[in-house]
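Enquirer: Chains as they are written, first to last, in the working numbering: chain G, 5 to 197; chain X, 6 to 864.
Here it is, the structure, as structure tokens.
The following block contains the structure:
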């Protein structure tokens, strides 16, 4: 671009010039917008994907749109199509981006051995094997075929579960299915609380 | 509601803009009160007196919707001659056994009908050695949960009087029972003025009937009491009398607190239920599928098809291994034998019975009542698996729990092995939530979870695979269930997550060819269909994920029928056939919702009819008809064994066929209605040194805990804080635990606004910043001034913002029907300044106990 042309562009972009020559003579709109804002745009415009979701906090079930770029969530906002929320989110729902991108979120398995004074690292696969071993061992040692009066129990009270109201229906379903097949009856969640 | 469910509250404001009157009944003046037409203050724990007063007002002034009441409620049914109403002094119904603190409910039943005693334990208990123990066990099994969704069975035709004049008809029984709840009595018990009460009563009566409907909305303020179920019963009676059930703008709306707490009740991670409110089988010497089904399935109404629901569930779980010859694998199911709820389970941990614990997305170390007891349970475990997003208190109790600070526990002495596994967030996995209006909504996956983070679906499936591999060669009977479990699912993504669609399809159900069934009416009891949760059947109809439907605004229908999928069968208002009169015509044009179309011979309207679409209003059941065939065309309540709203509960409740006002476990005053029985006599108590109760109501020692407290939530935090104390914006908006006190109490105790206060009970002491506000009002009860304080409960020792948890100071005392604890009422002391640190905290609390003369049976 030639120097005179650049100078001309500069003059044309000068707010006073825009006000005097453009459609905004009173200088209440476009004429007085800062040029530096031209570089700015919403995170939503550069997202690779927009995914329909649901707020994870209370049970109203507000619609959310999840914007992501390069495999990272960049923005979460209300879904205007939802007949429940009409695009709105409350303070908690609006904090969803902070929730999923929190820098203090744990991303590695943490292990504390009996009597241990601090966390240790543990491979996820090893942890899963150790947990499966604990379940099998506890279950076999605490199994109850019948009670003292001969009533059939067919269960273990040696292990218990808590949680479900923050999980998915499909997750609750597999949990209840697995625990029932294992004979574990002490399965509970926040619905009791 | 404006605090805890702000976006849902926009519809209340929308209704107000269209002329609805909004009345806010709450102990505290909140953001909801600020925009309501009126705020009616109420003492925590007295809602039965308030609702009872409204019921009395309706009955005394004959303001009930008479045609609805006669046709659609059990008001005409006659109660047996030997039923005795709650006495004036003792507040006890007939059948009370003081030794077992439980009721024999046989006298509560209808005349002419035999109602089964309780779901899940209806077969022969006489074989058991100790009948009293049996009665108590039956009581503890929670009679309402199995039967409460309408499954209570009875045989025979109840006698009835449609003129409602017979002295033993339910209508007249109600009149006599609620006569004592006069406006003056309501005022005396609840603290509002008689004039204010009358205004509310007049407003709801004027706003009910053919042309108008009134809606009640509640949250845990109604459920977390020792009489929580009877709170909801009282609202049901009122709404039944006013004709406000099954009609647009009516109902009793539960505002639940977690994204899918409704889903985790429907597909229950709960001890006493199987998916779809099917009761867990109870322990018996011999019980085969036939006896279980005979005991539990109703003969009339849709529960009459329970055999199809149960067999289809067993087929979903055990597949080809479930055959008619082996009772479809029913013998593999574990049996319950009492209260195995979370509170009892944690006591079992402390006592060494339970050694392993999975905690997924929940934080009992600060989030459960009497949280010190919870941590003592964790410390007694052999192993603990916690799955969460952050290092929540339940995962770190062994290094920084309050007991480490007080010296009660030493980290080195705690032998619990802890696995803290990072979980995926809601955007890192696909699946469905069920919201508070029974609506399933699908979440698509946006991104993959980072590092070791995995979905709980991956975790449970992977755990199941590894356990099955370890037991694959077992020949033991007890391993048959796990070996035969259907556990093959297609996988997707880099971590090999099981495909959530495949699981939703299994939940919805398939026929013998593996094709999705259209809904629960297609399920069979011969093993030819499988279905993981009968009430969700149809969510995968036509092979389409109906929960993922997102037509903008839900489409043309005012019920938004094309957004998500509501159980059952996408019906948005339950029992909506009641929106039409017995002949099938809308009660009024203004409130037309679902009606009978004579030309098409079908039910039609703005919603999916909650009724057999082609059953005409004129249908009358033939002799000997069963299940839905026994429901007449003018009986909208198709899940109930008599097709009607129950104003009086002949079976299914542990603490009475009608609500009675009792004071809370810890009350600042006597029971003005029934002076000889202070609290719900059937409530479940735990008399242990780690669960001491404050002396109540002028008993010796009660003066040590002179104030009443209640708990509440705020908009800026979520439950126990696991999803809000680690996020910077929310942490900054509400950074510290606080206590709301009145100016009068602040003066009495020398409390300064923004200074510190210590709140003490027999359990423990916590500290909080003081908020002095005129929104907390001292109450005048029986001539005495009673100060109240309000405590939010979102904090704990971890996170960006920390503070003491309100649950530290609350004791456990449970509703006998559903084993939910009272957190909404209690007594305490409040003193200025911060609480003592370290071992000094223990001696501080111990000083209170000694001054109150507390033993483990006080209260």
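The beta-carbon is built from N, C-alpha and C at its ideal position, and this holds for glycine as well.
#1: Residues of chain X with CB under 7 Å from residue 26 of chain G, in chain order?
#2: State the Cα-Cα distance for the pair residue 143 of chain G and residue 375 of chain X, rounded to the nearest angstrom.
#3: Measuring alpha carbon to alpha carbon, tell me which residue in X:750, X:391, X:352 and X:681 is nearest residue 377 of chain X.
#4: If we ignore side chains and look at the alpha-carbon of each, how far apart do residue 741 of chain X and residue 514 of chain X end up?
#5: What residues in the region 716-731 of chain X have a beta carbon less than 7 Å from any beta carbon of chain G?
#6: With respect to the alpha helix (DSSP H) encompassing residue 851 of chain X, which residues constitute its N-terminal and C-terminal limits?
#7: Please determine whether the Cβ atom of residue 577 of chain X lies at a distance below 7 Å from any heavy atom of the ligand HEM.
#8: Kindly list, in the order they appear in chain X, the residues whose Cβ is closer than 9 Å to that of residue 36 of chain G.
#9: Kindly indicate if chain G contains any beta-carbon less than 8 Å away from that of residue 545 of chain X.
#10: Does the CB of residue 483 of chain X have a neighbour CB from chain G at under 8 Å?
#11: Using Cβ-Cβ distances below 8 Å, what residues of the region 733-754 of chain X are close to chain G?
#12: With DSSP as the reference, label residue 29 of chain X as helix, strand or coil.
#13: Considering only the beta carbon of each residue, do residue 542 of chain X and residue 524 of chain X sit closer than 8 Å?
#14: So what's residue 517 of chain X in DSSP terms, helix, strand or just coil?
#15: Considering only C-alpha positions, which residue in the set X:78, X:509, X:859 and X:327 is nearest to residue 695 of chain X?
#16: Residue 54 of chain G and residue 65 of chain G: beta carbons closer than 8 Å?
#17: With a 10 Å radius around its C-beta and 16 neighbouring C-beta atoms as the bar for buried, classify residue 703 of chain X as buried or exposed.
#18: Does the CB of residue 61 of chain G have a neighbour CB from chain X at under 8 Å?
#19: Taking the alpha-carbon positions, what's the residue 869 of chain X to residue 179 of chain G distance?
#20: Determine which residues of the region 157-173 of chain G have a Cβ less than 7 Å from any Cβ of chain X, and write them out in chain order.
#21: Does residue 308 of chain X pass the burial test, meaning 16 or more other C-beta atoms within 10 Å, or should it be called exposed?
#22: Taking buried to mean at least 16 other C-beta atoms within 10 Å of its own C-beta, is residue 557 of chain X buried or exposed?
#23: Residues of chain X with CB under 9 Å from residue 72 of chain G, in chain order?
#24: Between residue 52 of chain G and residue 74 of chain G, which are expected to be in contact by the criterion C-beta below 8 Å, what is the C-beta distance as a whole number of angstroms?
#25: Quick test of your reading: residue 108 of chain X and residue 687 of chain X, contact by CB under 8 Å. State the CB separation rounded to the nearest angstrom.
#26: In whole angstroms, what separates the C-alpha of residue 201 of chain X from that of residue 45 of chain X?
#27: Step through the CB atoms of chain G and report whether any lies within less than 8 Å of the CB of residue 138 of chain X.
#28: Throw me the rounded Cβ distance for the residue 184 of chain G and residue 339 of chain X pair, which I believe falls under 8 Å.
#29: Should the region 88-98 of chain G be regarded as contacting the region 724-736 of chain X, the criterion being three or more beta carbon pairs within less than 8 Å?
#30: Assign residue 610 of chain X to one of three DSSP states: helix, strand, or coil.
#31: Who does residue 786 of chain X pair with in a DSSP beta bridge?
#32: Can you check whether the C-beta of residue 16 of chain G is within less than 8 Å of a C-beta belonging to chain X?
#33: Between residue 151 of chain G and chain X, is any beta-carbon pair separated by less than 8 Å?
#34: Contact criterion: CB-CB distance below 8 Å. Does residue 592 of chain X meet it with respect to chain G?
#35: Locate the alpha helix (DSSP H) running through residue 79 of chain G, then write down its first and last residues.
#36: Indicate the three-state DSSP secondary structure (helix, strand or coil) for residue 69 of chain G in the structure shown.
Expert: Straight from the coordinates:
#1: By Cβ distance, chain X contributes nothing, its closest Cβ being about 37 Å from residue 26 of chain G, past 7 Å.
#2: 28 Å
#3: X:352
#4: 48 Å
#5: 720, 721, 723, 728, 729 and 731
#6: 844-856
#7: The model on display carries no ligand, and the ligand HEM is accordingly not part of it.
#8: Here the premise fails: no neighbours, minimum Cβ distance about 32 Å.
#9: no
#10: yes
#11: 733, 734, 735 and 738
#12: strand
#13: yes
#14: coil
#15: X:859
#16: no
#17: exposed
#18: yes
#19: The structure shown has nothing for residue 869 of chain X, since chain X only spans 6 to 864.
#20: 157, 158, 159, 161, 162, 163, 164, 165, 166, 167, 168, 169, 170, 171, 172 and 173
#21: buried
#22: exposed
#23: 432, 451 and 452
#24: 7 Å
#25: 7 Å
#26: 7 Å
#27: Any reading at residue 138 of chain X must be qualified, since the residue scores a pLDDT of 40, below 50, and its modelled position is unreliable; no value is offered.
#28: 6 Å
#29: yes
#30: strand
#31: X:789
#32: no
#33: yes
#34: no
#35: Careful: residue 79 of chain G lies outside any alpha helix (DSSP H), inside the beta strand (DSSP E) at 76-82.
#36: strand
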